[in-house]
Each structure stands twice: as C-alpha cells, then as structure tokens.
Amino acid sequence: MVHFRSPSKAHRLFLLLLLPASVAFSPAAPIHSFVSAQPTSTSTSLCSASNTAPAIPMWAQHEISITAPSRGCHLITSEVNKAIQKDIASMKIGMANLFIQHTSASLTINENADPDVRRDMEVALNKICPGQWTKDGTFHHTMEGEDDMPGHVKSSLMGVSLNIPIKNGRLALGTWQGIYLNEHRDQGGWGGGHTRRIIITLQGQS
Amino acid sequence: MVHFRSPSKAHRLFLLLLLPASVAFSPAAPIHSFVSAQPTSTSTSLCSASNTAPAIPMWAQHEISITAPSRGCHLITSEVNKAIQKDIASMKIGMANLFIQHTSASLTINENADPDVRRDMEVALNKICPGQWTKDGTFHHTMEGEDDMPGHVKSSLMGVSLNIPIKNGRLALGTWQGIYLNEHRDQGGWGGGHTRRIIITLQGQS
Amino acid sequence: MVHFRSPSKAHRLFLLLLLPASVAFSPAAPIHSFVSAQPTSTSTSLCSASNTAPAIPMWAQHEISITAPSRGCHLITSEVNKAIQKDIASMKIGMANLFIQHTSASLTINENADPDVRRDMEVALNKICPGQWTKDGTFHHTMEGEDDMPGHVKSSLMGVSLNIPIKNGRLALGTWQGIYLNEHRDQGGWGGGHTRRIIITLQGQS
C-alpha cells in the first residue's frame with residue numbers, strides 16, 4: 434500500500450469505506466496547528482486548515498549510493514530529493530529517515546548556501562578530533578591510517594541517522610538547511626572510491 | 434484520521450470492523466514487554482499487559498515558535514508538552530519528532546533540574562568550538578559575526594532533529610530528562626529576535 | 434494489531450479485504466529501489482522487486498535494562514536484536530528507535546569489530562570534554578563528581594535517541610556497524626550499578 438498515484442476503482446472503494454469513519458474522527462480538529470510557545474516573549478497562535486481526508490498509511494524505502502569528490506562536507510539535498518520525489522509527493526504528513534551504513538562517514542543538516550560553511554565544518558571537525566591523535570599514541574586503532582579513528586569519532590559526533598519531517602509532500606527543511614554527507618576518510622575513502630550507501634525510509638499519510 | 438477523541442457511530446462501526454482481525458493478530462503476545470538484557474550482570478524479565486485494541490494509525494504535526502531569552506541552553510519541555518497534549522493523549526505507542534528549522538540552533542535532551550547543567554553545557558560548547566576560531570583565521574565564513582560559524586558547528590554536533598518515544602499518552606522521557614533548545618547566536622540571535630521554528634510530528638496508535 | 438504471527442480466519446478475511454486496494458495502489462512502482470545519486474562520479478541504478486502485499490501497520494515497544502561493566506563504549510547489538518527478534522521478523526519495511534532514558538549515558542552506532550575502536554572512542558570523548566573542567570572552575574555543576582558534568586556533555590554530543598531502518602525483517606545496519614551503549618559515569622555509574630533503561634520502539638509494515 435506504499436505507492437498511491439493512480440487511484441483505481443478498488444482504491445476509490447477503499448477510500449469510501451474509510452471516509453465516514455475518518456471524517457467522524459476529526460470533526461473540527463486541525464492537523465497542522467501553529468502554536469507559538471515562547472517562554473520569554475509574546476506569542477501568536479495560528480491554526481491552519483484541518484485535514485479530514487482518509488489516512489492511507491504509506492511506507493517506501495530506497496537506497497542511494499554516493500561517492501564524494503573529497504574528504505569533507507558535501508551537500509546532497511538534491512540527490513536525496515531526486516530519489517524520493519515520487520513517493521513523497523502524496524504524503525501530507527510524514528517522516529523521512531536517512532541512514533548511512535558506514536562508520537567513518539556521517540550525515541548532518543546545516544547551511545546550504547555558502548561553500549565556506551562546509552569547508553569550515555570540516556576544519557572544525559579536524560580541530561575537535563585531530564589526526565594527530567593517531568600519531569601521538571592517543572589512539573590504538575591506527576592500522577588503517579591517520580584518518581581512520583578520527584573518522585569513527587566524527588561519525589558518532591555528527592551521527593549516521595537523520596530524521597526529517599515531511600509536510601505537504603516535501604521535506605520540511607528550513608530555508609537555509611541542506612543535507613550534508615560528511616566523508617571523514619581521505620585517500621582511502623574519496624579518491625580511492627569509498628562509495629557510501631544511504632538508506633532512505635519514508636512513511637506518511639496522504 | 435489524526436484526531437480521535439469523540440468516537441461517533443461511524444467510528445464505532447469502523448472499530449467493530451477491525452476488531453476481529455486485530456484480536457486475531459495478537460492472541461497472547463504483549464506489546465509492552467520488559468526485557469532485561471545485561472551483558473555482564475543478572476537480568477529480570479517482566480511482561481506487561483498485552484494490547485488487543487484495534488490500532489488506529491494517527492499522525493499530527495504542529496509548529497511552535499520559540500524566542501530564547503539569551504544565547505545558551507534552555508528547557509522547552511513544557512512548551513512542547515503544551516503543544517502536543519491533545520494529540521498525544523490517545524497514543525498508546527508512538528513516536529514524536531522535534532525538528533528545528535535552523536542552522537545555528539539545535540535541540541538536545543539533558544538534565545532538567547539544575548540550571549548549572551544548562552550553563553555548563555553552553556560553556557563546554559564554547560570550549561569545544563570557540564569563537565576565537567572566527568578571529569584567528571581558522572574559519573572563512575566570518576561575515577555574520579564571531580558566533581555564527583561556531584553556531585553552525587554546534588548545531589551539527591548537538592543535532593536539529595530529536596526522536597522521543599511515546600508511551601501511554603506521554604513522551605517517554607526519563608525522570609531527569611528535559612528537552613533543550615540551544616540557541617548558538619548571541620546578539621544576532623537572542624536579543625535581536627531570532628525566533629526559532631520547531632516542527633513537531635507525532636505518530637502512533639491508540 | 435502489533436503481533437501478527439498466526440493468521441486466523443478473520444485475519445485472512447481482513448487481508449482479502451485490503452488486497453485489491455493495495456494491489457491497485459502500486460501497479461508498477463517498486464518499494465525498494467536502488468538509486469545511485471553520485472554528484473561527481475558515474476552511477477548505476479538497480480530496481481528491486483515491488484511489494485504489492487497488503488500493509489498491516491505494526492507497532493511494538495520494549496524496554497531493556499543494561500548495566501555496563503565499566504565506563505566507556507560497549508557493544509549492545511546482540512542485546513537489542515534479542516529483545517526485538519519476534520516483532521521485527523514480519524516487518525518488511527520499518528523503523529526502530531532506541532531511546533536511553535538517562536542524561537550521562539548515550540547511544541551511538543560505530544565500528545563493531547576491533548575493541549580498540551571502543552577504547553579510542555572513550556579516550557577521544559575524554560579529550561573533547563575532559564574531567565579537568567570539573568576541577569578547574571570551568572563547570573559549576575560539580576557536586577556529583579568529576580565524571581558527572583562531562584557525562585552530560587558527552588551524552589548530548591553522542592545523543593540519546595537512535596533511529597535504525599528496518600529492512601526485510603532485520604535492522605538495516607551496515608556490515609561494520611554495531612550499536613554502542615556509552616556509559617559516561619565511572620564509579621558512580623558502572624561499578625556502583627547504574628542500570629540504564631533503553632526503550633525500543635518498532636514500527637513497520639509486513
């Protein structure tokens with residue numbers, strides 16, 4: 434029941450079956466309500482339109498593989514959007530999860546405009562967990578190179594799993610938010626061909 | 434089918450339709466089972482009551498806007514609970530996601546009692562990614578002030594997306610856990626009025 | 434409707450009721466599609482089989498308690514798998530959330546083979562947020578010992594909530610990925626018996 438694009442007769446019958454119940458469930462309550470909870474300032478409260486459409490549960494799962502051009506932080510928002518565009522379009526409310534199946538790469542969300550932010554993010558990670566720790570005896574796991582154990586640490590600091598809400602058929606990213614794939618290996622990873630696999634799981638309702 | 438508070442006749446009919454199937458699905462298996470998996474110590478295993486009620490899938494999505502009083506870590510548990518209280522009440526099992534649509538603020542869960550913990554968290558973040566890196570040539574993205582690029586780094590270290598399980602109509606936070614909004618901008622952010630938007634997405638079953 | 438192992442007559446009737454609709458929903462579209470989105474290199478695109486089976490929404494929630502043998506990073510993948518094995522088996526697509534209800538412990542995913550990685554991860558965390566900050570006046574929250582406030586910081590850096598996709602009845606972890614429980618307290622925590630409670634919430638469809 435995942436893909437739901439060309440409603441057939443059977444589909445319409447199923448919707449009819451659900452319709453009276455679902456309308457009854459939510460006579461007046463809004464699904465999307467804007468609440469302003471401001472601990473120290475004034476607030477405004479806006480209610481958006483209510484959703485009385487029947488809820489068809491939908492799941493979809495994709496895998497994308499990305500080989501980054503170099504160690505560092507790279508925007509992959511458009512690649513993610515391309516992979517999910519057909520499935521997400523009919524989801525009014527939902528949740529997307531991105532999960533990278535690796536231990537020296539990571540996913541995060543950050544500024545999508547100035548390339549210097551991605552450059553500075555990589556610089557900051559190298560200062561927070563320097564490669565030097567592989568050479569000065571700090572780390573014991575050093576067989577796979579200077580960038581390996583720091584890559585594991587950065588992967589856990591940034592995270593390998595990312596949840597992004599779905600709203601009205603789109604990822605509900607803020608204006609300045611983009612999805613980063615952070616590759617923490619250098620020669621071993623990028624140039625040498627570490628292709629990173631990301632599982633994208635979508636769920637939602639129409 | 435999100436809001437489900439005043440069951441109508443149609444609703445009861447729908448439940449009747451589901452009931453025989455759902456009871457058949459889970460004749461004796463518990464939904465909430467307490468399993469103790471202790472790699473190095475003894476364990477006890479307790480089974481709670483089984484749930485044979487029909488599962489009505491529910492989704493809800495809210496937006497709250499919060500303007501923090503100052504740069505730093507701030508408890509917003511009560512604001513979040515207020516925004517979701519009507520929707521979460523009927524969810525026996527579920528998942529809440531909080532997503533902040535910004536790149537120099539973040540969300541985390543931490544100690545909810547001693548204000549010093551929030552103060553110390555902010556101090557630690559400033560030591561882990563100091564504003565000095567904006568002035569000493571470490572960072573290139575410096576046009577928006579000393580607190581901007583460090584704010585981006587802290588946002589990714591702490592994260593912008595938070596998943597909290599729902600259990601018996603409430604967020605299943607531990608006794609000492611509270612939800613933090615971390616504002617990483619100072620004058621530009623707080624005093625100047627950076628209102629932060631958080632999308633709260635709930636899903637669950639009754 | 435969570436447990437779904439011994440289909441009864443009523444169950445089969447329910448499936449029959451759903452079947453025409455769900456087949457109609459996804460006439461040709463695949464659920465699992467492998468898309469290769471590579472910003473800078475060549476890509477291959479493979480489509481896996483489509484799923485036209487009826488989607489039965491399933492939720493399950495478990496609690497496991499783990500007492501770690503010492504401060505540091507510990508693999509708990511097998512404990513988690515043991516707790517969820519019965520529920521996850523029938524989920525073709527889904528999402529697992531692990532949530533640790535504590536503020537000086539955390540969960541992460543990292544390398545599952547070399548114990549040195551876990552040892553080095555703990556060493557890195559102690560360098561990123563040293564216990565020294567409890568003694569030199571950096572931190573104010575010092576009453577509960579040198580390891581307490583650093584434990585809170587590490588907990589937020591690593592995170593207390595972890596989402597792992599479910600694919601074909603299993604956690605979709607990468608080959609080298611394991612689930613870590615990070616205990617950030619020493620005597621107070623480990624030796625002294627800090628048992629950490631983890632709520633595991635599963636949802637998916639068969």
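Residue numbers (our numbering), protein chains in the order written: chain L, 434 to 639; chain G, 434 to 639; chain E, 434 to 639. All C-beta atoms in this analysis are idealised placements derived from N, C-alpha and C, irrespective of residue type, glycine included. Computed from a prediction, not measured in an experiment: that's the story for all the values here.
Under the Cβ criterion of 8 Å, residue 607 of chain E is counted among the residues facing chain L.
Residue pairing by DSSP places residue 572 of chain E in no beta bridge whatsoever. The straight-line gap separating the alpha-carbon atoms of residue 611 of chain L and residue 581 of chain G is approximately 17 Å. Residue-level contact by beta carbon holds for residue 593 of chain L and chain E, with a gap shorter than 8 Å. What residue 563 of chain L touches in chain G, judged by beta-carbon distance under 9 Å, is nothing: the nearest beta carbon there is about 13 Å away. From the listed residues L:557, L:598, L:565 and L:631, the smallest Cα separation to residue 526 of chain L is found for L:598. When the beta-carbon positions are compared, residue 530 of chain E and residue 596 of chain G come within less than 8 Å of each other. With a contact defined as Cβ atoms closer than 8 Å, residue 512 of chain L and residue 632 of chain L miss out at about 14 Å. As the crow flies, the alpha-carbon of residue 550 of chain G is around 8 Å from that of residue 573 of chain E. When C-alpha distances from residue 541 of chain G are compared across E:637, E:616, E:601 and E:592, the shortest belongs to E:592. Of the other Cβ atoms in all chains shown, fewer than 16 fall within 10 Å of the Cβ of residue 569 of chain L; this residue is therefore exposed. Note: residue 606 of chain G is not bridge-paired with any residue in the DSSP secondary-structure output. By the neighbour-count criterion, in which a residue is buried when 16 or more other Cβ atoms sit within 10 angstroms of its Cβ, residue 490 of chain G is buried. DSSP, read as helix, strand or coil, puts residue 616 of chain L in strand. Residue contact with chain L for residue 582 of chain G: present (Cβ-Cβ distance below 8 Å to some residue of chain L). Non-local beta-carbon contacts of residue 584 of chain E in its own chain, meaning distances under 6 Å to residues more than five positions away in sequence, involve 537, 617 and 618 in chain order. Closest by C-alpha distance to residue 564 of chain E, out of E:571, E:575 and E:579, is E:579.
Here the alpha carbons of residue 561 of chain E and residue 603 of chain L stand approximately 37 Å from one another.
Contacts with chain E at 8 Å (Cβ-Cβ) do not include residue 555 of chain G. For residue 634 of chain G, no Cβ of chain E is located within less than 8 Å of the residue's own Cβ.
Residue 585 of chain E reaches chain G at 543, 544, 550, 553 and 554, counting residues in chain order whose Cβ is nearer than 8 Å. Below the 8 Å Cβ cutoff, chain L contributes 534, 535, 536 and 593 as neighbours of residue 610 of chain E, in chain order. Residue 520 of chain E is positioned such that its CB atom lies no closer than 8 Å to that of residue 606 of chain E.
At least 8 Å separates the CB of residue 559 of chain L from every CB of chain E. Close to residue 571 of chain E, with beta-carbon spacing below 9 Å, are these residues of chain G in chain order: 553, 556, 557 and 560. Looking at the DSSP output, residue 611 of chain E shares a beta bridge with E:543. The Cβ of residue 523 of chain E sits no closer than 8 Å to any Cβ of chain G. Interface annotation, residue 520 of chain G: not in contact with chain E, CB-CB separation never under 8 Å. Residue-level contact by beta carbon fails for residue 509 of chain E and chain L, as no gap is shorter than 8 Å.
Taking the beta carbon of residue 574 of chain G as reference, the chain L residues within 7 Å of it are 547, 549, 550 and 553, listed in sequence order. For residue 588 of chain L and residue 638 of chain L, the gap between their C-alpha atoms comes out near 32 Å. DSSP places residue 515 of chain E within a helical segment (H, G or I) once states are collapsed to three. For a cut-off of 8 Å, the C-beta gap from residue 500 of chain E to residue 628 of chain E is around 5 Å, short enough to register as a contact. Counting of Cβ neighbours within 10 angstroms places residue 557 of chain E among the buried residues, the total reaching 16 or more.
Annotated three-state conformation of residue 587 of chain G is helix, per DSSP. Boundaries cannot be given for residue 524 of chain L, as no beta strand (DSSP E) includes it and DSSP labels it neither H nor E.
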